[in-house]
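Each protein sequence line maps, in turn, to chains A and B.
Here the first sequence stands for residues 31 to 162, numbered as in the working numbering.
Here the second sequence stands for residues 4 to 278, numbered as in the working numbering.
One structure below.
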Amino acid sequence: MRAVFGVLAAGLGLLGLGLPVLAHHSGAAVFDSTKKIDLTGVVTKMEWVNPHAHFYIDVKDSTGKVTNWNLELASPSILVRNGWKRNSVREGDMVTVTGSRARDNSNFGIAQTIVFPDGHKLNFLSAFEDGK
Amino acid sequence: MRKHLVTGFAVTAAALAVASLFAQTPDGAAQGKAKGKGGAAKGGVGLYQRQPPAPTGPAPKLADGTPDLSGVWLGSGASDADISRALKPGDSVVMLPWAEALVKTRQSKDDPESNCLPAGIPRGSPYPWRIAQTPGIYFIVFEGNIHSWRQIFMDGRKHPDDPEPAWYGNSIGRFDGPTWVVDTVGFKDKFWFDYVGHPHTEKLHTTERYTRTDMGNMSIEVTIDDPGAYAKPFTTVGRARIMAGTELLEYICQEDNFDLQHISGPAQGPGGSTR
């Protein structure tokens with residue numbers, strides 16, 4: 031248990047400090063780690079592209095208004111080495127995404143975790159749920 | 004949009020994800036500082052998880068006795084977050100006043116790396132690279148670093164008297180015992196040494212020293228001598244590790260660099276560190 035808390039504390043510390051390097055720029059230059067997002071919606075498109083794969087989801091608020099969000103992942107080369115497939119997230123999938131919003135407050139964020147209705151999870155760079 | 008406080012699960016998952024991401028930062032495994040048997044940190048190296056352990060055994064040689072540097076490598080000879088972070092003991096980075104002033108004004112959006120332009124020397128990336136040894140000329144082929152390549156002439160030639168300025172300069176190489184020494188001049192003054200924006204001039208002269216210490220590991224030292232921007236030369240230190248079980252994959256940074264329009268703020272490294 032101590033180890034679990036240790037990892038969590040370390041992770042929280044890192045979250046507090048900023049965001050990950052996104053291979054070709056600092057994550058903190060794009061995303062604001064203090065602007066948390068927690069979005070549930072339907073995937074409208076997956077862009078399996080460099081330098082970062084990203085996907086879009088439609089999120090409906092309590093009034094019925096739909097907002098389309100663009101959510102960022104690591105590069106395809108990193109993702110496939112870590113168990114992702116280009117169709118791991120598909121159009122029509124219902125997903126819940128947590129992460130951080132862009133500094134410019136656009137509807138753009140980093141998808142640090144992606145959870146499907148059956149409970150299986152992906153993250154920004156890996157399909158390995160244990161993170162190992 | 005549903006937006007509220009993150010749940011305990013989300014925080015835990017995010018923490019693990021971000022912890023993993025930070026493991027690849029230039030002061031981590033991307034410089035070969037992975038922990039554990041075979042250089043693997045719980046099966047992961049840098050951003051890459053569940054990686055096979057690095058091969059073991061003595062450093063290999065080609066049929067003619069030349070050190071065999073082939074393989075897919077992960078790591079670099081310097082901190083790409085801030086070049087002053089990983090120096091030879093006793094060394095320091097002392098910028099000339101104009102360079103010090105420039106660094107303080109640089110913006111992340113202007114980093115050539117963020118614009119899918121070359122990272123130059125010795126800036127690394129979280130992506131692997133390969134050394135290809137052919138008669139008279141060696142190549143370094145990068146998966147990251149905008150999917151580009153360097154050529155290092157090994158046929159005994161000298162640098163041109165007036166080399167055409169280039170992002171990767173003009174490189175000639177030789178062996179000093181087990182160490183591959185690459186001497187480069189003739190740079191354009193475009194690339195940044197790191198995310199925080201350390202600059203250089205066309206007077207830059209780099210000397211890279213690659214030593215395959217065993218089958219799976221390589222030490223890398225790079226001496227930066229640029230009297231146009233720094234008061235004295237300094238030497239960076241880093242490592243690379245063989246990335247087993249993979250080949251170079253395609254990474255065409257220019258394909259859809261949509262992040263660029265969202266980048267703002269001063270030049271900064273992981274966690275927002277600046278000079």
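In this text, a Cβ means the ideal position worked out from N, Cα and C, and glycines have one as well.
Remark: three or more beta-carbon pairs, one from each stretch, lie closer than 8 angstroms, so the segment 72-80 of chain A and the segment 119-128 of chain A are flagged as touching. When Cβ-Cβ separations below 8 angstroms define contact, A:R133 makes contact with chain B.
Among the CB atoms of chain B, one or more fall inside 8 angstroms of the CB of A:F158. Taking C-beta atoms as the reference points, B:H265 and A:D134 count as a pair closer than 8 angstroms. For B:D217, there are no C-beta contacts with chain A under 8 angstroms, since the nearest C-beta of that chain is about 24 angstroms from it. DSSP lists A:T128 as the bridge partner or partners of A:D68.
DSSP places B:L263 in the helix class (H, G or I) of the three-state scheme.
Under a 10 Å Cβ-count criterion, B:S111 is classified as buried, with 16 or more other Cβ atoms of the shown protein chains found around its own Cβ. Per the coordinates, the alpha-carbon of B:N220 lies some 34 angstroms from the alpha-carbon of A:S118. Runs of the alpha helix (DSSP H) spanning 4 or more residues and lying entirely within the segment 76-100 of chain A do not occur at all. About 7 angstroms separates the beta carbons of B:A84 and B:S276, which is inside the 8 angstroms limit, making them a contact pair.
Ranking B:S128, B:Y51 and B:L50 by CA distance to the CA of B:E116 puts B:S128 first.
At a cut-off of 8 angstroms between beta-carbon atoms, B:H201 makes no contact with chain A.
Taken through DSSP and simplified to helix, strand or coil, B:P92 comes out as coil. In this structure, the CA atom of B:D67 is about 11 angstroms from the CA atom of B:P138.
Taking 3 residues as the shortest admissible run, the segment 127-156 of chain B contains the following complete beta strand (DSSP E) segments, listed from N- to C-terminal end: 132-137, 140-145 and 152-156.
At a C-beta separation below 9 angstroms, A:I87 has no neighbours in chain B, since its nearest C-beta there lies roughly 10 angstroms away. Of all C-beta pairs linking the segment 117-126 of chain B to the segment 202-222 of chain B, three or more are shorter than 8 angstroms, placing the two stretches in contact. For B:I245, the enclosing beta strand (DSSP E) starts and ends at F237 to I245. In the assembly as shown, B:L72 is a buried residue. Its beta-carbon has 16 or more other beta-carbons within 10 Å. Inclusion of A:A83 and A:S105 in the CB contact set at 8 angstroms is warranted, their separation being smaller than that value. Under the Cβ distance rule, A:R111 counts among the residues neighbouring chain B, one pair being separated by less than 8 angstroms. If you check the CB distance, B:A234 and B:Q54 do not come in under 8 angstroms. Against A:P147, chain B offers no close residue; the least beta-carbon distance is about 15 angstroms (beta-carbon pairs closer than 9 angstroms). Bridge partners of A:D62 according to DSSP: A:R131. Taking C-alpha positions only, A:K90 is separated from A:H150 by approximately 22 angstroms.
Between the alpha carbons of A:N137 and B:L120 lies a distance of about 27 angstroms.
Of the candidates B:Y254, B:A270 and B:W183, the residue whose Cα lies closest to the Cα of B:W132 is B:Y254. Per DSSP, reduced to three states, the secondary structure at B:W101 is helical. Close partners of B:Q271 in chain A (Cβ separation under 8 angstroms): S56, A58 and A59.
Setting aside the 5 residues that flank it on each side, B:K91 is surrounded in the same chain by E224, F237, T238, T239 and V240, each with a C-beta closer than 8 angstroms to its C-beta; the list follows chain order. It is roughly 26 angstroms from the alpha-carbon of B:T182 to the alpha-carbon of B:D164. Excluding the 5 residues flanking it on each side, B:D217 has same chain C-beta neighbours closer than 8 angstroms at T59, G60, P61 and A62, in chain order. Cβ-Cβ separation between B:V185 and B:L251: approximately 20 angstroms, too far for a contact (criterion under 8 angstroms).
DSSP links B:S79 through a beta bridge to B:R242. When DSSP states are grouped into helix, strand and coil, B:K193 belongs to the coil group.
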